[in-house]
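Peer 1: Numbering (my numbering), first residue to last: 21 to 900. Using N, Cα and C, we set each Cβ at its ideal position, and we do this for glycine too. Since the model is a prediction, treat every value here as computed from it, not as a measurement.
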Amino acid sequence: MKKRINIKVTMFRLEQNARTMVLNDIPVADIITYVNDKYNMKIPEKYFPLLLIPSNNNKSTPYIYKILPLNESLYKYSFLHIKELVLLMYPPTVNLRIHTYNDQFETFDFNSKLSSQEMLKIICPALNYHDTAAYNLYLDPHFHILLTSNKALVETDPSRNDLYLYRKYWTKNIIEYSNNNEKDFMYFQSIEMVENTKFQVREYGRNERQEISVLYIVEKVHLKAIYPPIKKTSPIPKWMQKKSISKFINNNLDKYSAITFDVRRDIFINILSNNEYFGSQMWTVKCILPISKSLKESEYTLVLSQNFLSFYKKRLKVCKYKLPIPEIIRWKVLDETFILTILNTKNVNIPNDLTVINIKSRDIMAIYSNITIYINYLTNLITKESEKTPNKSKYTQRKGTFILDKIMPPKSQDPIECDLQCVIAKRESNNMTKDFEMFYNIDDIVKPEKFVKTNYLVGKKRSSVRSSSLIIGKLKDDTPQISEIKENDNTLNHRTVSQMMNMYHNENNLLIDKNNLTDDANVNDHSILQSNTDDLIIDIENITVRYKEYGSLNTHLFLLPINSKIPDLLAFLKENNISKELSDLSDYKLLFGSRKRGFAEHLLNTDFSEYMNYNKFSIVAFPNHYKLKIHCSDEYITTRVFQWNSTPLDIIESICNKTLHINQRYCFALYWNDSDSVKAFPMERPISEINPFASEVWLRRRYWISSMLQYNTENDIQFNYIQAKYIFYHRYSSDLYDVSPHLSVMKTINSLMQEIFILPKWFIPSNIPIEILNERNLLSMKKRFIELCIEDKFFGSLVCDIECKVNDLPANIITFTEDLIILKFNNEFVDGQSYKDVKKCELYGTETLIIEFETSLMWKIRSKYTSVISEHIKFYIKYL
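What follows is the structure, encoded as structure tokens:
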């Protein structure tokens with residue numbers, strides 16, 4: 021069926037764009053040619069189209085990106101709930117910075133359509149790294165977001181400029197480094213992993229770790245001739261004090277004549293890898309082990325370690341079962357269950373030759389992906405997929421033990437990636453595939469009486485969920501009828517029909533049955549047509565509303581007629597005993613929420629017709645007063661009651677002045693979590709409008725500049741010292757021996773050995789003499805620690821990635837000092853301007869900032885941190 025659709029064609033990182041209407045059966049190449057000729061966009065020939073599809077179910081990724089062939093039409097995308105399709109013209113090559121270790125990076129030019137696996141084949145040889153398959157590319161420096169190996173970067177995040185290269189597998193038979201460059205890479209990454217407090221290792225105690233060094237200097241100190249010499253030693257860290265490790269160190273030390281940094285580095289990596297301190301992740305699973313006599317599933321911790329899948333009893337360090345990886349014959353995922361087929365061993369008394377283990381877990385796809393890649397890499401065999409041959413094509417028996425010779429990856433068990441968020445399902449007679457049946461079923465559907473049919477959404481409802489009758493539509497007498505969609509547990513697990521259809525996508529099913537279309541059925545943004553069946557009928561004159569009260573775990577879904585008003589909603593909530601307290605709006609505020617507008621106060625006295633453009637929105641009943649838990653940097657937690665419209669500035673002023681008694685409240689900010697030091701709460705917008713469900717926030721110092729350092733009380737020093745030490749030791753130090761602000765040494769004073777304190781060597785610039793601090797108290801040392809950090813600019817204001825051009829010179833970094841705003845390109849100075857010369861600083865959109873100076877100079881900055889940059893500049897101008 022032909023249909024006119026709205027198209028927006030835009031150029032990557034350029035403000036050129038054009039809007040037009042075209043038919044949905046026209047090839048993409050013809051659309052680009054038409055727009056190029058009519059609007060004179062001058063699109064280069066080698067640019068290719070990238071389709072942007074809004075993602076309704078994922079906050080972290082607002083769009084789903086898909087590379088379109090030029091000969092393909094937009095027919096199957098024209099029936100999505102999207103008002104306008106966006107075609108992004110992307111260049112054929114992309115310039116990326118690949119970060120390796122210790123803040124080093126290399127710049128590469130790639131083909132834009134290359135996958136991460138193909139990028140690694142270029143990066144690793146260029147950096148002289150061995151074992152390409154042992155490395156991975158990540159989108160963030162904290163190993164959180166892994167770049168899919170078989171997916172192009174532009175289909176994940178086309179605006180990405182930086183990628184992070186890390187080693188993924190840390191096992192003995194894989195570590196084969198041949199040069200110092202690769203050794204340094206693994207050494208710095210291993211240090212970062214060991215220092216991470218969230219690093220899960222079952223072999224050693226996290227609290228017992230004191231340092232990351234392997235070897236320490238042994239000193240012989242002579243006090244007097246009459247006393248024997250004192251041997252001052254610093255032992256090997258406790259987590260390395262096993263007999264096997266000590267023996268390993270001594271054997272390695274015999275090979276070297278001098279203890280250098282290279283020796284320490286090699287021993288450190290070998291110890292961690294040989295003793296399996298680094299492995300793959302751990303997962304909590306449920307299964308029945310082959311050695312178990314009970315038929316009841318138990319919880320275990322699954323660990324992927326050297327050549328084994330180990331099942332540990334949960335909360336105990338006892339290994340219940342070890343499965344050798346060569347004994348795995350087949351592996352697949354089916355109905356949220358990871359199925360392993362293994363060869364029988366001597367410990368399993370089963371008459372068959374094969375045993376099946378069904379593993380259930382919430383992270384089932386992560387387990388599947390890791391084990392698949394790991395097995396394929398260990399066997400070093402790449403075979404083609406085949407439907408007829410099993411995963412294990414051949415195995416032999418040697419000395420009573422089956423050993424796997426060849427592994428073939430499964431075909432039908434590969435995970436399905438949902439590239440689109442909406443689908444039009446094709447009816448296949450009376451039978452449906454099992455994958456599709458898990459979303460839809462037409463059992464127990466009750467059709468309403470006295471309802472008029474208009475345009476319909478046709479779908480199926482899952483049979484395993486017992487639901488009440490859905491009264492959907494509009495009465496003949498135009499009386500608003502509100503109905504609730506209920507479930508047994510009444511939680512967020514329920515999905516409406518339109519949401520369920522948005523969850524499943526397969527390009528082969530993205531079709532419309534043209535033979536069954538009728539004259540009175542129109543395809544638009546609110547309707548999906550199918551063949552005529554007795555399926556669930558949903559009237560488009562109703563909208564889906566998600567209702568929740570502050571402090572309640574229950575969420576209610578309503579189908580609300582568009583002519584309903586607030587009194588109708590309140591009466592419905594009261595009649596159905598959903599909210600007894602919300603009889604009027606004296607004690608609560610109704611907050612309207614959507615993904616585009618966030619949450620805002622709206623007393624809806626009119627009907628809901630103005631919200632028909634939203635796919636879904638929420639209504640939150642928020643009290644006039646609420647409790648908020650505030651975490652301070654000195655591990656102090658306070659709980660206070662605030663009004664619903666209290667801004668972060670009001671909260672900070674109250675906490676700093678009345679509770680903590682610390683100065684300079686404008687230097688502090690509230691953050692979502694302890695690890696995020698970039699995105700703070702907007703100072704002049706109520707928290708209830710940003711996130712009405714926030715129950716705890718973190719108070720941290722945001723501005724570290726010397727003119728603000730007026731520490732007059734002990735509270736100021738203690739509060740700022742804890743955060744300063746945390747920032748310094750996690751961002752600037754790579755070879756610390758000690759976590760205190762001073763270092764203890766033995767020195768001869770008046771012919772006697774005395775213990776004195778000096779500042780650490782890594783902390784003292786060459787032009788400052790070492791100062792003896794043995795007579796100073798701890799509070800003065802903490803204050804001195806902060807002052808030295810800021811005076812020597814170990815940390816200052818934020819450093820943000822940007823895109824800007826000044827006098828035809830590019831800049832990609834903006835940073836702040838006490839007097840200047842500085843632009844840099846790859847840490848090289850480009851331009852710097854004073855705060856006093858700033859004439860205008862305004863935001864345009866969400867990613868563009870215009871700064872005008874008195875010198876008739878203008879900076880046009882593009883960045884995802886423009887709001888943060890603008891707030892910094894305004895703060896400096898106002899308070900300095």
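Using a Cβ-Cβ cutoff of less than 6 Å, which residues in the same chain neighbour SER708 once the five nearest sequence positions on both sides are dropped?
Peer 2: Closer than 6 Å at the Cβ level, and outside the excluded window around SER708, lie PHE642, TRP664.
Peer 1: If you check the beta carbons only, do LEU43 and LEU71 fall under 7 Å apart?
Peer 2: Their beta carbons are not under 7 Å apart, which means LEU43 does not touch LEU71 by this criterion.
Peer 1: Based on Cα-Cα distance, which residue from GLU848, GLU867, VAL858, ASP857 lies nearest to GLU823?
Peer 2: Nearest Cα to GLU823 within the set GLU848, GLU867, VAL858, ASP857: GLU867.
Peer 1: Once DSSP output is grouped into helix, strand and coil, what is the label at ASN181?
Peer 2: coil
Peer 1: Can you tell me the Cα-Cα spacing of TRP12 and PHE805, whole angstroms?
Peer 2: The chain is shown only over 21 to 900; residue 12 falls outside these bounds and no answer can be derived.
Peer 1: Classify VAL478 as helix, strand or coil using the three-state DSSP reduction.
Peer 2: Low per-residue confidence applies at VAL478: pLDDT is 30, beneath 50, and the placement is therefore not dependable, though the value from the model is reported in the following sentence. In the structure shown, VAL478 sits in a strand (DSSP, three-state: E or B).
Peer 1: So the candidates are SER653, GLU655, ASP670, ASP654; which of them puts its Cα closest to the Cα of VAL661?
Peer 2: ASP670
Peer 1: With DSSP run on the structure shown, which of helix, strand or coil describes PRO89?
Peer 2: The answer is coil: DSSP assigns PRO89 none of H, G, I, E or B.
Peer 1: Taking Cβ positions, are ASN199 and ASN148 nearer each other than 7 Å?
Peer 2: yes
Peer 1: Just the Cα atoms here: how many angstroms apart are GLU925 and ARG33?
Peer 2: Residue 925 lies beyond the range of the chain shown here (21 to 900); nothing can be said about it.
Peer 1: Exposed or buried, ALA744, counting other C-beta atoms within 10 Å across all chains shown (16 or more means buried)?
Peer 2: buried
Peer 1: On the DSSP bridge assignment, give the partners of ARG117 in chain order.
Peer 2: Beta-bridge pairing links ARG117 to THR127, ASP182.
Peer 1: For PRO64, tell me which candidate among LEU322, ILE52, PHE713 has the shortest Cα-Cα distance.
Peer 2: ILE52
Peer 1: Do you know whose CA, among ILE650, LYS802, ALA38, lies nearest ASN56's CA?
Peer 2: ALA38
Peer 1: Have a look at the DSSP bridge pairing and note the partners of PRO706.
Peer 2: Answer is none; PRO706 lacks a bridge partner.
Peer 1: Between LYS647 and THR659, is the Cβ-Cβ spacing less than 7 Å?
Peer 2: yes
Peer 1: To the nearest angstrom, how far is the alpha carbon of ASP18 from that of ALA689?
Peer 2: What the structure shows of the chain is the stretch from 21 to 900, and residue 18 is not part of that stretch, so it cannot be assessed.
Peer 1: For ARG33, which of helix, strand or coil comes out of DSSP?
Peer 2: coil
Peer 1: With H, G and I counted as helix, E and B as strand and the rest as coil, what does DSSP make of THR511?
Peer 2: The pLDDT assigned to THR511 is 34, lower than 50, so where the model puts this residue is not dependable; a value taken from the coordinates is nonetheless given after this. Looking at THR511 - three-state DSSP - the assignment turns out to be coil, as it is neither helix nor strand.
Peer 1: Just to confirm, is the Cβ distance from ASP129 to TYR95 under 7 Å?
Peer 2: Cβ atoms of ASP129 and TYR95: not closer than 7 Å.
Peer 1: According to DSSP, is ASN596 part of a helix, a strand, or is it coil?
Peer 2: coil
Peer 1: Since CYS809 and SER883 should fall inside the 8 Å C-beta cutoff, what is the C-beta to C-beta distance between them, to a whole number of angstroms?
Peer 2: Incorrect: roughly 26 Å between the Cβ atoms, too far for contact.
Peer 1: Within 10 angstroms of its Cβ, does THR667 collect 16 or more other Cβ (buried), or is it exposed?
Peer 2: buried
Peer 1: Using a Cβ-Cβ cutoff of less than 7 Å, which residues in the same chain neighbour LEU799 once the five nearest sequence positions on both sides are dropped?
Peer 2: GLU734, ILE737
Peer 1: Check SER314 in the structure and name its three-state DSSP category.
Peer 2: coil
Peer 1: What are the start and end residues of the alpha helix (DSSP H) that includes CYS144?
Peer 2: 136–146
Peer 1: What residues in its chain sit with their C-beta under 7 Å from that of LYS803, if we drop five residues either side in the sequence?
Peer 2: TYR731, ILE737
Peer 1: Distance, Cα to Cα, MET139 vs ASN390?
Peer 2: 20 Å
Peer 1: Within the continuous beta strand (DSSP E) that includes ALA831, where are the two ends?
Peer 2: 829–836
Peer 1: With distances taken Cα to Cα, identify the nearest neighbour of VAL323 among VAL338, GLU317, GLU704.
Peer 2: VAL338
Peer 1: Can the beta-carbon of PRO69 be found closer than 7 Å to that of SER75?
Peer 2: Result no, Cβ atoms of PRO69 and SER75 do not sit closer than 7 Å.
Peer 1: What residue does the beta strand (DSSP E) around VAL826 start on, and which one ends it?
Peer 2: 820–826
Peer 1: Per DSSP, what kind of secondary structure is LEU669 in: helix, strand or coil?
Peer 2: helix
Peer 1: Residues in the same chain with beta-carbon distance under 8 Å from LYS141, minus the five sequence neighbours each way, listed in chain order, please.
Peer 2: THR152
Peer 1: Give a single yes or no on whether SER135 has its beta carbon closer than 6 Å to a heavy atom of the ligand ADP.
Peer 2: Within the structure as shown, the ligand ADP is missing, as the structure has no ligands at all.
Peer 1: Per DSSP, what kind of secondary structure is PRO587 in: helix, strand or coil?
Peer 2: helix
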